[in-house]
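Remember, the working numbering sits 1 above the position in the sequence shown when you count from 1. Think of the CB as a built atom: it goes at the ideal place given N, C-alpha and C, for glycine as much as any other residue. Taking it in order: structure first as structure tokens, then the write-up.
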Amino acid sequence: MSLSHITTDLIQHEAVRQALARAQSGSPANITDFPDAAGPALAAALIRELESSSLVVTTRRDRADYLAIALAEYLGADYEVGVWHAPDALPYEQLPTDLEAGVRRVQMLHEMRSKDTNRRVWVTSVNGLMQLLTPPATLDEMTLTLRLASRQSVDELHAWATRVGYETSPVVQEPGTIARRGGIVDVFPPGADYPVRFDFFGDDIESIRRFDPHTQRSIERLNRVTLLPPSELPVWKLPGIADAVARLDTSTLRAEVADDWTRRIDHMREGALGDSIDLFAGYLVPEKTTLFDYLPAETAVILDQPDSIALVAKQVEGQARDLARTFRDSGELPKGLALPFLPASRVLNALAGAAKIKLGASQADDAVAISAASIVDPPLFSGTMSSLTTTLAEQLAGDWAIALATDQVERLTDIVEEHGVYPRRIKGGPDRPTAPLLPGTVEVQSSDVMSGWLWPAGKLAVWSDLEMFGFRKQPRRSGKRTTSERRSFAQSLSPGEYVVHIDHGIARFTGLVRMETQGIEREYLLLEYERGDKLYVPVDQSDRVSRYSGGGLSPALNRLGSGEWVRTKRKVRRAVREMAFELIQLYAYRESGQGITYPPDSRWDQELAESFPYSETIDQAKAIDAVTADMESPKPMDRLVCGDVGFGKTEIAIRAAFKAVNAGRQVAVLVPTTV
2 MSLSHITTDL
12 IQHEAVRQAL
22 ARAQSGSPAN
32 ITDFPDAAGP
42 ALAAALIREL
52 ESSSLVVTTR
62 RDRADYLAIA
72 LAEYLGADYE
82 VGVWHAPDAL
92 PYEQLPTDLE
102 AGVRRVQMLH
112 EMRSKDTNRR
122 VWVTSVNGLM
132 QLLTPPATLD
142 EMTLTLRLAS
152 RQSVDELHAW
162 ATRVGYETSP
172 VVQEPGTIAR
182 RGGIVDVFPP
192 GADYPVRFDF
202 FGDDIESIRR
212 FDPHTQRSIE
222 RLNRVTLLPP
232 SELPVWKLPG
242 IADAVARLDT
252 STLRAEVADD
262 WTRRIDHMRE
272 GALGDSIDLF
282 AGYLVPEKTT
292 LFDYLPAETA
302 VILDQPDSIA
312 LVAKQVEGQA
322 RDLARTFRDS
332 GELPKGLALP
342 FLPASRVLNA
352 LAGAAKIKLG
362 ASQADDAVAI
372 SAASIVDPPL
382 FSGTMSSLTT
392 TLAEQLAGDW
402 AIALATDQVE
412 RLTDIVEEHG
422 VYPRRIKGGP
432 DRPTAPLLPG
442 TVEVQSSDVM
452 SGWLWPAGKL
462 AVWSDLEMFG
472 FRKQPRRSGK
482 RTTSERRSFA
492 QSLSPGEYVV
502 HIDHGIARFT
512 GLVRMETQGI
522 EREYLLLEYE
532 RGDKLYVPVD
542 QSDRVSRYSG
552 GGLSPALNRL
562 GSGEWVRTKR
572 KVRRAVREMA
582 FELIQLYAYR
592 ESGQGITYPP
602 DSRWDQELAE
612 SFPYSETIDQ
622 AKAIDAVTAD
632 MESPKPMDRL
642 VCGDVGFGKT
652 EIAIRAAFKA
662 VNAGRQVAVL
672 VPTTV
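The structure is reproduced here in structure tokens:
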């Protein structure tokens, strides 16, 4: 859904017009004194008027996800909003590379290099800016565009593919693979839904087709196709950096680690990718390329929460350097390894020279502070519909333009109409009306906006479920806790309870302690590891800690700095990957069965979905869609839904059970005896 027509009105705000004038003249501006919920709307209004590509930089990954959702709402379908995320693993963790996430980053870098970027918006965190990137010219070299009837030999295509990281296979079943049979070459580009088949006659390409890898049937004929590399790093340089890596001081490595390091260097000389290629980014891309090197020259850079950006950048670098020191001291890493990320100082210097607009800085340096204090938080009605509709009626009588952003369009519309307020109902989709929100009108529309705001002077209001019903569907995209949730989690832990730190493994929580460092007093979780080793985790970083769930058993504590936890995670990821390949064969066999075909979702199913208080995470939405598709398919459903506590498994089950009962079927619910 879209609230893009709201930004048209918001452009008339004095703070927006002043900031816009300064940005267009090349001078920085700082908008202050506005509620946090209005920040994305202000940014969207500025982006629309700047008429260029935009980069929004914020503090952390979860904040970037939130901003991307909100900006997409306020900008509408005319704009493409993407999130640039750094790899999940911290530098030096040596975990297997997430190929799918790397492919998404390669696609985004390619988009930044395209000609039509005026309506593109990228959102990233400080951590995202600290990632070392392949230089643009090198990425161009790693990308291949082929056209029908163009001259390109089979050997040349195969040589290019293997050079940039494609794996040769008898048949292409997975992205990042290539197969050749005489004059036919199949390539499965990363990020593509289907592989591409090239038919050659000599050195001429006779046909280019997308095809189904299971049936081998053609889906679409193409005149041209662009093949992106499966790795975001120039992997063909691996043999060339092997000597530099071999010269590192490995005298302090433990015996088994030293053997593994030798094998890794041998793989490098052979050009094999292996795991943890990000560890060697400092050798593969010594140019220290930043994201700014990819952005179009006219890109508008907007800083969200600028006061915290520098602090977070230094924290991220400090954590990475501490981790490297721990691994070196424990014999897990050699000495002298090139830095695999950009230093905070490099990133902050780039931001200082590029930022056009700051949102909410307390000290704006050379940016002129522009107050938006006339935009305020709305009152909370917490489900008191009579008070809400009275306020709406008063606003309508005063010619306000009102948007009710909700996940419960049908329910809210019925409620306000019962109280004499008759809104325009907007359901979204390609046929959504594009008429502006006029004074004296109210519309109800499906929206992911988490909080509302009011601009009394402009007679403009955005109300969300938080103000109207007293709750909001929480965006659980990232699985990370908010500030209040981090504090609540820390206070809920009991001394002696087992916990798991994502970087250091299983420990025993001993309590909360307060310490002063560099003149600042902070609260820490005190974790005890094997041999009495202690780790102090700031409460504001407690989203890296979770409760140990081992069925009541007392686990063995990990030894701090030993590297055994990293090795455990590495083994688990490899085992899961191997299991996935085995399951593919099993699923193919099960596809041949016959089951019950349920009807499509009815209005009752839709109303049930709207009644849940939390918005779906990306993974939860995928699971719901998959279960629904399974039930509506003639094939038997055989699906296991997994997820941590509070991530919405029960909601998926209730929806499926309701769909079955609604179709006249019975449902059996099995629960563990401990419930």
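* What span of residues does the beta strand (DSSP E) with Asn31 cover, start to end? -> 30-33
* Asked: Which whole-angstrom value describes the C-beta separation of Tyr599 and Ala654, a residue pair presumed to lie in contact below a C-beta threshold of 8 Å?
  -> Contact flag wrong, Cβ pair sits at about 15 Å.
* To do: With a 10 Å radius around its C-beta and 16 neighbouring C-beta atoms as the bar for buried, classify Asn559 as buried or exposed.
  => That one is buried.
* Asked: On the three-state DSSP scale, how would you describe Gly361?
  -> coil
* To do: Count the other C-beta atoms from every protein chain shown that fall within 10 angstroms of the C-beta of Asp250, then say buried if there are 16 or more, exposed otherwise.
  => exposed
* To do: Grab the span of the beta strand (DSSP E) containing Trp456 for me, first residue to last.
  => 454-456
* Asked: How would you call Ser55, buried or exposed, if buried means at least 16 neighbouring beta carbons within 10 angstroms?
  -> buried
* Relative to the alpha-carbon of Ala273, which residue among Pro240, Tyr588, Phe342 has its alpha-carbon at the smallest distance? -> It is Pro240.
* Asked: Using DSSP with H/G/I as helix, E/B as strand and the rest coil, what is Thr327?
  -> helix
* Got a sec, what are the start and stop residues for the beta strand (DSSP E) Trp85 sits in? -> Looking at the DSSP string, the run of the beta strand (DSSP E) that includes Trp85 is 81-85.
* Between which two residues does the beta strand (DSSP E) containing Ile179 stretch? -> 178-182
* Cβ atoms of Leu68 and Leu124: under 8 Å apart, would you say? -> The amino acid at residue 124 is misidentified as Leu; the sequence shows Val. Taking 8 Å as the Cβ cut-off, Val124 and Leu68 qualify as a contacting pair.
* Nearest candidate by alpha-carbon position, reference Tyr615, set Lys650, Leu413, Met516, Val422 -> Lys650
* Asked: Per DSSP, Tyr1 forms a beta bridge with which residues?
  -> The requested residue 1 is not part of the displayed model; the chain covers only 2 to 676.
* 8 Å Cβ cutoff, Trp464 in contact with chain C -> Of the chains in the structure shown, none is chain C; there is only one protein chain.
* To do: For Lys535, write down the residues that DSSP places opposite it in a beta bridge.
  => According to DSSP, Lys535 bridges with Glu529.
* Would you give the residue range spanned by the beta strand (DSSP E) that Asp200 belongs to? => 197-202
* Glu288: first and last residue of the uninterrupted beta strand (DSSP E) it sits in -> No beta strand (DSSP E) holds Glu288; DSSP gives it neither H nor E.
* To do: Take Ala45 and list the residues in its own chain whose beta-carbon comes closer than 6 Å to its own, dropping the five residues that flank it on each side.
  => Thr8, Leu72, Tyr75, Leu76
* Asked: So, Ala406 versus Val450, is the Cβ gap smaller than 8 Å?
  -> yes
* According to DSSP, what are the bridge partners of Ser219? -> Phe212
* Asked: If we count Cβ pairs, one from each stretch, closer than 8 Å, do we get three or more for the stretch 393-411 versus the stretch 350-364?
  -> no
* Asked: Would you call the stretch 454-462 and the stretch 5-23 touching, i.e. three or more CB-CB distances under 8 Å?
  -> yes
* **Collapsed DSSP secondary structure at Asp432 in the structure displayed** => Here the model assigns Asp432 a pLDDT of 40, short of 50, so the residue's position is not dependable and the matter cannot be decided.
* Selection from Phe328, Val236, Asp305, Glu271 that minimises the alpha carbon distance to Gly283 -> Val236
* Take Ala669 and list the residues in its own chain whose beta-carbon comes closer than 6 Å to its own, dropping the five residues that flank it on each side. => none
* If Leu536 sits next to Ala508, beta carbons under 8 Å apart, how far is it from one beta carbon to the other, in whole angstroms? -> 7 Å
* Under 6 Å Cβ to Cβ from Val302, same chain only, skipping five residues before and after it: list those, please. => Closer than 6 Å at Cβ, skipping near neighbours: Leu56, Ala355, Ala356, Lys357.
* Buried versus exposed, by CB contacts within 10 Å (16 or more), Val246 -> buried
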